[in-house]
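Structure first, then comments.
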Ligand code: ADP
Ligand code: MG
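Residue numbers (the numbering used here): 260 to 943.
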């Protein structure tokens, strides 16, 4: 009997060669193997009478071989086996290309199951290269629901299926059930053995559903437990304890009143920082909800306490912008604000670093340069960063040297439904800014198709003539992706626009450019030197161009709702009336429904709720780019009920047994540990 950590190469029936192929799929241990879930399933459990099959349909038939299969050599390197198969209803001509052995495997007068695609040719039904097996020994590749796996060179469906079958056979008996009995029973979930068997080789669709539900639950439950454990460990870390100050002093300095949500977020974070533990808090708010102000208030609080704060931005331009904004907000208090980015001269950098080391700055704004080895901080209390550029555990300690860990405030501009946020960010405390400052103007949004192209071009020209700037976003095209006919790449589209508008300055930023060139083009756009910027989604991050008043999104059907909302948030940031045009020639009802939601609301949280309803939670897990282990949930298609239930149950179990030390939680603890270690001690 193998144990779950056994290397796949030692599993009976899997040799060195197959093992190497499996490695390419990320499958190393027996446990990886049985956790390599199918991508989809093919229903070969139903048979159709031949006469009822249709042109182009992929079906299972049960038929008698009516003549002796004939082998012929068409030309060198091309063998063809032909035969006719019949059932009570009709007949089909079957052809095998380059499978000469089919001639010997199939015998006249015997019955077989065939699975393949029917095509009508000259009024006759034909099937090329079907999968087949004798009717009396069927059940391997026909007559059941068949799993379909992701493949790589060196493996085909059949050999992978066999490998998994062997894997299951060698461990199913011993497979521990990591779900505590109470959880399994309360939530009416299938046992582990049943689930692993039926996710691969379901007896029927009901069994598949039971298996799926159990495994989704399990994955989320383990994730929740791991995040819960992180959260607990952090709360045990000793942190800098700040004294409370009356925040009114800060609020009074503003030209406007803070929103209730901003006050709440600041109060929550201030309480964390006064607690004696280290703060790890996520601030989630829609674009324009005023997250920067929340950070400014807390930076002020730290300065009042005599501590330095660091604000880390993902790019130079953003660092510049934040430096500017924060300097303005903190000016009434004469705080000392410095800047540190890669493009500064060696001398400037040296000066700033010396200031930091001597504790002469209240705030340092910068890029990743802030966490390079040679930067030393004196009395660093707070680090503010954005979600995509959160740093790992090691980098965090780079910030602190040997000192006490600083408090961390993470900003996220991706509104996600609260239920999901609680799960995905289970390791952080959460502040949600669900209120926009008053008087925000709405970005008028239109979904249009190609027939509007001329009018759209006219509109672009008009905006530029009025002195405004325009963003045009094209979907990211993966290098190896087959291009659907009309998909626009940013570069091609920029070239087209340049031809349409010879008088305008068109710029282009795309994923394959060097970071430095991207930044340069972005900077030129910010400076107003470019009229129309064609870009892939690189512009999603919060660059502020108040003069931009029109956002055009090409192939809008390729974007998720939340992403569209993010992109739209790039305009309407100044005083100019702003617009968003979603271009899509896709007329499927789902796409139309999705795009019309964008025209109806500007509320990011509502949009994300709709996104969740329409597309399921998979993308939201993807949206949290770093730190979370890869989830299978997306592939399995989890629903929110299961998510919520898994979260509740993990809390219940952790409340009972915070370190999972009870013997009945042994298997669970091992899996949680593995997940935790695989992410090098934490999820950031
Ligand atoms: P976010 O980063 O959340 O997208 P910002 O912090 O950039 O939003 O704020 C967007 C704009 O709103 C800024 O110009 C900011 O000065 C302004 N702002 C922030 N809070 C308020 C408020 N309470 N009342 C009015 N304007 C505000
Ligand atoms: Mg911002």
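Note that the Cβ used here is the ideal one computed from N, Cα and C, for glycine as well.
All values reported here derive from a predicted model rather than from experimental measurement.
| Query | Result |
| --- | --- |
| For residue 828, the nearest candidate out of 695, 470, 791 (CA to CA) | 695 |
| Cβ-Cβ separation, residue 377 to residue 384 (assumed contact under 8 Å), whole Å | 5 Å |
| Expected contact under 8 Å - CB spacing of residue 573 and residue 645 to nearest Å | 6 Å |
| Span of the alpha helix (DSSP H), counted from its first residue to its last, around residue 718 | 712-724 |
| Where residue 863 falls, given that 16 or more other Cβ within 10 Å makes a residue buried | buried |
| Exposed unless 16 or more other CB atoms sit within 10 angstroms - verdict on residue 685 | buried |
| Simplified DSSP assignment, three categories, for residue 674 | coil |
| Beta-carbon contacts of residue 353 that lie in its chain and below 6 Å, excluding the five residues immediately before and after | 342, 344, 386 |
| Range covered by the alpha helix (DSSP H) that runs through residue 488 | 464-495 |
| Simplified DSSP assignment, three categories, for residue 584 | helix |
| Integer Cβ distance of residue 729 from residue 790, believed to fall under 8 Å | 7 Å |
| Residue 509 - DSSP class collapsed to helix/strand/coil | helix |
| Heavy atom of ligand 1 within 7 Å of residue 521 beta-carbon | yes |
| Nearest residue (CA-CA) to residue 492, options 463, 293, 536 | 536 |
| Distance between residue 435 and residue 744 (C-alpha atoms, nearest Å) | Residue placement at residue 744 is poorly supported in this model, since its pLDDT is 49, which falls under 50; the coordinates still yield a value, given next. Roughly 49 Å between the two C-alpha positions. |
| Distance, residue 802 Cα to residue 641 Cα | 23 Å |
| Given residue 503 as reference, the closest of 861, 557, 762, 442 once Cα atoms are compared | 557 |
| Neighbour-count burial assignment, residue 356, 16 or more Cβ in a 10 Å radius | exposed |
| DSSP-derived helix/strand/coil call for residue 750 | helix |
| Proximity test, residue 701 beta-carbon vs ligand 1 heavy atom, cut-off 7 Å | no |
| Sequence-distant residues of the same chain with beta carbon closer than 7 Å to residue 738, five excluded per side | Any reading at residue 738 needs caution, since the residue's pLDDT is 48, under 50, leaving its predicted position unreliable; the model's value is listed next. Closer than 7 Å at the Cβ level, and outside the excluded window around residue 738, lies no residue. |
| Inter-stretch contact (C-beta, 8 Å, three-pair minimum) for the segment 363-383 and the segment 311-325 | yes |
| Residue 808: CB within 7 Å of a non-hydrogen atom of ligand 1 | no |
| Inter-stretch contact at 8 Å, needing at least 3 Cβ pairs: the segment 901-921 / the segment 453-471 | no |
| Opening and closing residue of the beta strand (DSSP E) in which residue 810 lies | 807-812 |
| Beta-carbon proximity of residue 706 to residue 855, cut-off 8 Å | yes |
| Alpha carbon of residue 418 to alpha carbon of residue 624, nearest angstrom | 55 Å |
| Distance CB(residue 905)-CB(residue 483) smaller than 8 Å | yes |
| Extent of the continuous alpha helix (DSSP H) run through residue 869 | 863-874 |
| Outcome for residue 279 when other beta-carbon atoms lying within 10 angstroms are tallied against a minimum of 16 | exposed |
| From 816, 837, 458, 676, residue whose alpha carbon lies closest to that of residue 726 | 837 |
| From 934, 712, 760, 710, residue whose alpha carbon lies closest to that of residue 724 | 760 |
| Among 566, 597, 563, 591, the one whose alpha carbon lies nearest that of residue 254 | Any question about residue 254 goes unanswered here, given that the chain covers just 260 to 943. |
| Heavy atom of ligand 1 within 7 Å of residue 278 beta-carbon | no |
| CB contact flag (residue 550, residue 692, <8 Å) | yes |
| Closest residue to residue 569 among 599, 580, 588, 540 (Cα-Cα distance) | 599 |
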